[in-house]
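As structure tokens, the structure follows; a few thoughts come after it.
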Amino acid sequence: MGRSLQVEFGAITSDNVEQLRKVNTVSFPVTYNEGFYQDVVKRNNEHLNKFAYYNGFVVGAVCTRIEPIKAGDNHAPPTAVDVEAPLTGQHRLYIMTLAVLAAYRGRGIGAQLIQSVLDYCDAINDGTASTEKNVVPKRIDEIALHVQISNEDAIRFYTHKFGFEKGDMVENYYRRIDPPHCYILSKKL
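The sequence shown begins at 1 in the UniProt record's numbering and counts up one residue at a time.
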């Protein structure tokens with residue numbers, strides 16, 4: 001592990017979304033479809049979807065979405081949650097992707113990206129968030145993500161560094177990668 005690197009953050013836009021595709025392609029064993037990238041750009045929230053730049057180069061990115069929590073929702077894949085289930089009035093920030101290029105891992109960049117998202121959630125919750133062009137709820141109640149069961153580094157990163165709890169295992173969550181199972185990691189705010 002090298003010394004920590006300070007990064008600058010920048011918005012993901014239609015002009016630079018190809019950079020996100022490149023980072024994701026070299027970072028993940030899955031391929032994200034065009035709809036994923038269109039949704040990130042459409043959300044247009046630089047506080048929750050952003051690049052990490054080091055010396056002017058993209059070295060990482062985080063992509064999230066805010067979603068309502070439905071009654072009986074246990075973080076299962078969307079097809080497993082009853083679409084007719086009533087809303088609880090609570091909201092979750094779901095971390096879709098966190099990627100740091102291999103040459104820059106272990107240098108605090110992923111932690112800076114996650115901390116910036118956590119800080120924005122705290123600002124939403126205490127009413128100090130800049131929301132003029134971003135539609136956000138008045139409160140984020142939890143943060144969650146899925147992590148492949150074999151990705152011990154990611155599990156340790158979220159649980160030890162940020163206090164996430166390892167929850168249920170979801171079988172066959174991923175397609176075309178082995179193992180296909182994941183854990184749900186979550187943190188109440």
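Idealized CB from N, CA, C, for every residue including glycine.
Exercise for the section: Sort D39, N49, L189 by Cα distance to I124 and report the nearest one. Expected result: When each option's Cα is compared against that of I124, the closest is L189.
Problem - Contact the region 102–114 vs the region 177–188: 3+ CB pairs below 8 Å - result: no
Exercise for the section: Give the range of the beta strand (DSSP E) segment to which T64 is assigned. Expected result: 57–70
Handout entry: Exposed unless 16 or more other CB atoms sit within 10 angstroms - verdict on A144
Key = buried
Practice task
Return helix, strand or coil for F51, following the three-state DSSP convention.
Solution key: Of the three classes helix, strand and coil, the one that applies to F51 here is strand, per DSSP.
Exercise for the section: Could you check which residue in T159, T97, V41 has the C-alpha nearest to that of A11? Expected result: V41
Handout entry: Q19 (DSSP reduced to helix, strand or coil)
Key = The answer is helix: DSSP assigns Q19 an H, G or I state.
Handout entry: Inter-residue Cα distance where the pair is Q38 and P68
Key = 20 Å
Practice task
Can you tell me which of the three DSSP states T25 falls into?
Solution key: helix
Exercise for the section: May I have the straight-line CA-CA distance separating A129 from D119, to the nearest angstrom? Expected result: 9 Å
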